[in-house]
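K.L.:
Number of protein chains: 2
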Amino acid sequence: MENRITSLFGVKYPVVQAGMVWCSGWRLAAAVSEAGGLGLIGAGSMYPEVLRDHIRKCRVATDRPFGVNVPLLYPDIQELMNIIAEEKVLIVFTSAGNPAVWTGWLKERGIKVAHVVANSKFALKAEASGVDAIVAEGFEAGGHNGREETTTFCLVPMICDLVKLPVIAAGGIGSGRAMAAAMALGAEGVQVGSAFAVAEESSAHERFKAKIIDASEGDTRLSMKKLVPVRLLKNEFSEAIKGAEARGATVDELSRLLGKGRARLGMFEGDTAQGELEIGQVSAMLNRIRPAGSILEEMIDEFNGVSEKLKRLYF
Amino acid sequence: MENRITSLFGVKYPVVQAGMVWCSGWRLAAAVSEAGGLGLIGAGSMYPEVLRDHIRKCRVATDRPFGVNVPLLYPDIQELMNIIAEEKVLIVFTSAGNPAVWTGWLKERGIKVAHVVANSKFALKAEASGVDAIVAEGFEAGGHNGREETTTFCLVPMICDLVKLPVIAAGGIGSGRAMAAAMALGAEGVQVGSAFAVAEESSAHERFKAKIIDASEGDTRLSMKKLVPVRLLKNEFSEAIKGAEARGATVDELSRLLGKGRARLGMFEGDTAQGELEIGQVSAMLNRIRPAGSILEEMIDEFNGVSEKLKRLYF
Chain A
1 MENRITSLFG
11 VKYPVVQAGM
21 VWCSGWRLAA
31 AVSEAGGLGL
41 IGAGSMYPEV
51 LRDHIRKCRV
61 ATDRPFGVNV
71 PLLYPDIQEL
81 MNIIAEEKVL
91 IVFTSAGNPA
101 VWTGWLKERG
111 IKVAHVVANS
121 KFALKAEASG
131 VDAIVAEGFE
141 AGGHNGREET
151 TTFCLVPMIC
161 DLVKLPVIAA
171 GGIGSGRAMA
181 AAMALGAEGV
191 QVGSAFAVAE
201 ESSAHERFKA
211 KIIDASEGDT
221 RLSMKKLVPV
231 RLLKNEFSEA
241 IKGAEARGAT
251 VDELSRLLGK
261 GRARLGMFEG
271 DTAQGELEIG
281 QVSAMLNRIR
291 PAGSILEEMI
301 DEFNGVSEKL
311 KRLYF
Chain B
316 MENRITSLFG
326 VKYPVVQAGM
336 VWCSGWRLAA
346 AVSEAGGLGL
356 IGAGSMYPEV
366 LRDHIRKCRV
376 ATDRPFGVNV
386 PLLYPDIQEL
396 MNIIAEEKVL
406 IVFTSAGNPA
416 VWTGWLKERG
426 IKVAHVVANS
436 KFALKAEASG
446 VDAIVAEGFE
456 AGGHNGREET
466 TTFCLVPMIC
476 DLVKLPVIAA
486 GGIGSGRAMA
496 AAMALGAEGV
506 QVGSAFAVAE
516 ESSAHERFKA
526 KIIDASEGDT
536 RLSMKKLVPV
546 RLLKNEFSEA
556 IKGAEARGAT
566 VDELSRLLGK
576 GRARLGMFEG
586 DTAQGELEIG
596 QVSAMLNRIR
606 PAGSILEEMI
616 DEFNGVSEKL
626 KRLYF
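In the order they appear, the protein sequences are chains A and B. Counting along the first sequence from 1, when you hit position 289 you're at 289 in my numbering, and nothing is skipped either side. Offset between the second sequence (1-based) and my numbering: plus 315.
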């Protein structure tokens, strides 16, 4: 099977491993790329020289295409982008910011660009700024999220109708069934976060992985809507935020409660009570830790099975 | 095509028109059933004798199967159920309540029962109480909704994995693409609300219909989570609720602000500023008023097209 996403990135399967702070270093990205998907190094949690090191190690580990995800809300963006260009990374996913700022710079350097959006307005903005593909990420996704709360089921067809570019669906996708559903909605690829956060090669702390595996339905919640909305796994910290929000806490109060370094504390250092644990709703369906390659392989097998089944559904 | 849902209800297409307060009287239900789907009279907004009248008129208008939706949170349930039995209605969808209370009573009278749930716990409860099918309704759906905020993309596969009964997906489904996606996720049928709320035969006020047609992405919001969560279209009333919630309003304050009869005021009487306007996220994709039969026909055509396309997606 070939489509615009497999051609654009030169991959076998149109499955992108989401760039995730504290989870997706070179080990995870290389494992996914080796298995035929597109691995992304998540630069959001990396100092510039750490990113350089991860890019180099990823290149040693795989000769297949991989990319870097850069959340545009972090500092040091110019330095990160310089390193990406110097190290001749060929694919960049940008997120959490204005696509008009960096797309031209990256494209001039021959880099393929995809931009992550949570609404139609930014999908149009991304298309106008010259990106090559759009990631449409629904409300159920982990981590940073849109204010409109539009779900994958609604967002993907809306954006597919609106833009000419190929669309990659994200949010709620951790299985071949969900991949088939996303493609029925018009997507040409999927971006998978949570399911790869619990891969063996993910750099998430073992206690964070264990907590994801344990998670049940309703255990994640879109938090801090007055600041930047982020989907978090329930723990002492997120309950404190919830309580503050129910009392009508101001932006300042929430900022103070959040403080600095919560994501690192929870996801990388393993303080699963007081840390910020970014994960999607699909965590309720994840129940074991295994190599990224097996996760991808099972997804593709299930996708093929579902496509086979849907063939027989006709009127 | 036949599956457990078409067989259970004796319909051509596994498409259920959701029972919707103030929208789905006999005209809409009969039109959907005549077109090959399953029409439901929404009893939630009806006095018992009004329901009897609607059932009788529906039977005159179509000799195909139709049903009644009974939200179990309203008063007069015993009277409504008596009328359903006296009038020999063969299909009942229950929602917003405990499935254990009425399922046995209905089944003893030879009535097929489906129950609407927003989480796995209630899906298991419904199965244990003896229902024939489960409607799994995601966060994006209009009207009353679950506290877990689980989206259709995540809820449907979770419930399909958990129960042996056939599952009908609801929430975010207003097109053939979405129907194909729901069936890829494991559903054997879909329940469609918003798309039929703007049908010609819907009893929604013309001003409410016009406001749905005008709605854009982000124009609905899950409101009143401290009372009973309900997805509403943005207007003066919902903004007042939002403001109160941001200030940390108590349950009592929200109840007073809500008052009585807001849904009737907005949806049936057409006060689109002060009324409660229940509609799903999919409203952003609805752009014209037309007969229910055309809506269903287009949905099935699109479904067939998507299934055809998915056939070619193989690895």
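For glycine and all other residues, C-beta sits at the position ideal for the given N, C-alpha and C.
Considering only C-alpha positions, which residue in the set L38(A), F196(A) and H205(A) is nearest to S7(A)?
P.N.:
L38(A)
K.L.:
In terms of residues, what are the limits of the beta strand (DSSP E) holding H430(B)?
P.N.:
K427 to V432
K.L.:
Is the Cβ-Cβ distance between E70(A) and S45(A) less than 8 Å?
P.N.:
According to the sequence displayed, residue 70(A) carries Val and not Glu. No. Outside cutoff.
K.L.:
Tell me where the alpha helix (DSSP H) around L548(B) begins and ends.
P.N.:
First-last for L548(B): V545 to L548, but that is the beta strand (DSSP E), not the alpha helix (DSSP H).
K.L.:
Identify which residue in S95(A), M267(A) and S33(A) has its Cα closest to the Cα of S203(A).
P.N.:
M267(A)
K.L.:
For N602(B), decide whether its Cβ has a neighbour in chain A, counting only Cβ atoms nearer than 8 Å.
P.N.:
no
K.L.:
Just how far apart, CA to CA, sit A197(A) and R312(A)?
P.N.:
Their Cα atoms are separated by approximately 34 Å.
K.L.:
Are the Cβ atoms of R367(B) and S348(B) separated by less than 8 Å?
P.N.:
no
K.L.:
Please return the same chain residues whose Cβ sits closer than 8 Å to the Cβ of I55(A), not counting the five positions on each side in sequence.
P.N.:
W26, I41, V68, I83, I84, E87 and V89
K.L.:
Just the chain A side, please: which residues come within less than 8 Å of E554(B) by C-beta, in chain order?
P.N.:
None at all; the shortest Cβ gap to chain A is about 15 Å.
K.L.:
Give the DSSP-derived three-state secondary structure of I615(B) in the structure shown.
P.N.:
helix
K.L.:
Could you name the residues of the stretch 140-165 of chain A whose beta carbon sits closer than 9 Å to any beta carbon of chain E, in the order they occur along the chain?
P.N.:
Absent here is chain E; the protein component of the structure consists of chains A and B.
K.L.:
Which stretch, first to last residue, makes up the beta strand (DSSP E) that contains G171(A)?
P.N.:
Per DSSP, G171(A) belongs to no beta strand (DSSP E) and is neither H nor E.
K.L.:
R492(B) touches chain A at which residues, Cβ-Cβ below 8 Å?
P.N.:
Taking a Cβ-Cβ cut-off of 8 Å, the neighbours of R492(B) in chain A comprise P157, A184, L185 and G186, given in sequence order.
K.L.:
Using a beta-carbon distance below 8 Å, is L310(A) in contact with chain B?
P.N.:
yes
K.L.:
Between G138(A) and chain B, is the shortest Cβ-Cβ distance under 8 Å, so that the two count as touching?
P.N.:
yes
K.L.:
Considering only the beta carbon of each residue, do F454(B) and G334(B) sit closer than 8 Å?
P.N.:
Their beta carbons are not under 8 Å apart, which means F454(B) does not touch G334(B) by this criterion.
K.L.:
Could you tell me which uninterrupted beta strand (DSSP E) segments, each at least 3 residues in length, are contained entirely in the stretch 534-583 of chain B, listed from first to last along the chain?
P.N.:
Listed in chain order, they are 535-538 and 545-548.
K.L.:
When DSSP labels each residue in this structure, what does T466(B) get in the three-state scheme?
P.N.:
coil
K.L.:
Could you tell me which residues DSSP pairs with A136(A) in its beta bridges?
P.N.:
Beta-bridge pairing links A136(A) to V117(A) and A169(A).
K.L.:
Hey, which unbroken runs of the beta strand (DSSP E) at 3 residues or more fall wholly within the stretch 52-100 of chain A?
P.N.:
The beta strand (DSSP E) runs of length 3 or more contained entirely in the stretch 52-100 of chain A are, from start to end of the chain, 66-71 and 91-95.
K.L.:
At a cut of 8 Å, does the stretch 532-545 of chain B reach the stretch 566-573 of chain B through at least three beta carbon pairs?
P.N.:
yes
K.L.:
Determine the closest residue to V597(B) out of L155(A), A273(A), V192(A) and L258(A), with distance taken between C-alpha atoms.
P.N.:
Out of L155(A), A273(A), V192(A) and L258(A), the CA that lies nearest to the CA of V597(B) is found in L155(A).
K.L.:
Which same chain residues, not among the five before or five after P394(B), have their C-beta less than 6 Å away from its C-beta?
P.N.:
For clarity, residue 394(B) is Glu in the given sequence; the question names Pro instead. Once the five neighbours on either side are set aside, the close Cβ partners of E394(B) are P363.
K.L.:
Against Q281(A), what residues of chain B qualify as contacts under a CB-to-CB distance less than 7 Å, listed in chain order?
P.N.:
T465, T466 and C469
K.L.:
Going by beta-carbon coordinates alone, are A433(B) and A448(B) separated by less than 8 Å?
P.N.:
no
K.L.:
For the stretch 246-267 of chain A, list every residue whose C-beta sits within 7 Å of some C-beta in chain B, in sequence order.
P.N.:
A246, R247 and G248
K.L.:
Output needed for I474(B): all residues of its chain with C-beta closer than 7 Å, excluding positions within five of it in sequence on either side, in chain order.
P.N.:
Excluding sequence neighbours, I474(B) sits near S435, A438, I449, A451 and V482.
K.L.:
For V15(A), would you say it is in contact with chain B, using Cβ-to-Cβ distances shorter than 8 Å as the test?
P.N.:
no
K.L.:
From the DSSP output, in three-state form, read off R627(B) for me.
P.N.:
coil
K.L.:
Residues of chain A with CB closer than 9 Å to the CB of E532(B), please, in chain order.
P.N.:
Contact note: E532(B) reaches chain A through N119, S120, K121, E148, T150, C154, L155 and M158, using a C-beta cutoff of 9 Å and chain order.
K.L.:
Taking S348(B) as the query, report the chain A residues whose CB atoms sit under 9 Å from its CB, ordered along the chain.
P.N.:
Simply none; closest approach about 16 Å.
K.L.:
Using the beta-carbon of each residue, which ones in chain A are nearer than 8 Å to S444(B)?
P.N.:
Those do not exist, as S444(B) stays about 20 Å from chain A at its closest Cβ, beyond 8 Å.
K.L.:
On a CA-only basis, which of R288(A), E245(A) and K107(A) is nearest K209(A)? Give me that one, please.
P.N.:
R288(A)
K.L.:
Looking only at its own chain, which residues have a Cβ that is under 8 Å from the Cβ of L477(B), when we skip the five neighbours before and after it?
P.N.:
S435, A438 and L439
K.L.:
Out of curiosity, what's the CA-to-CA distance linking R262(A) and G270(A)?
P.N.:
11 Å
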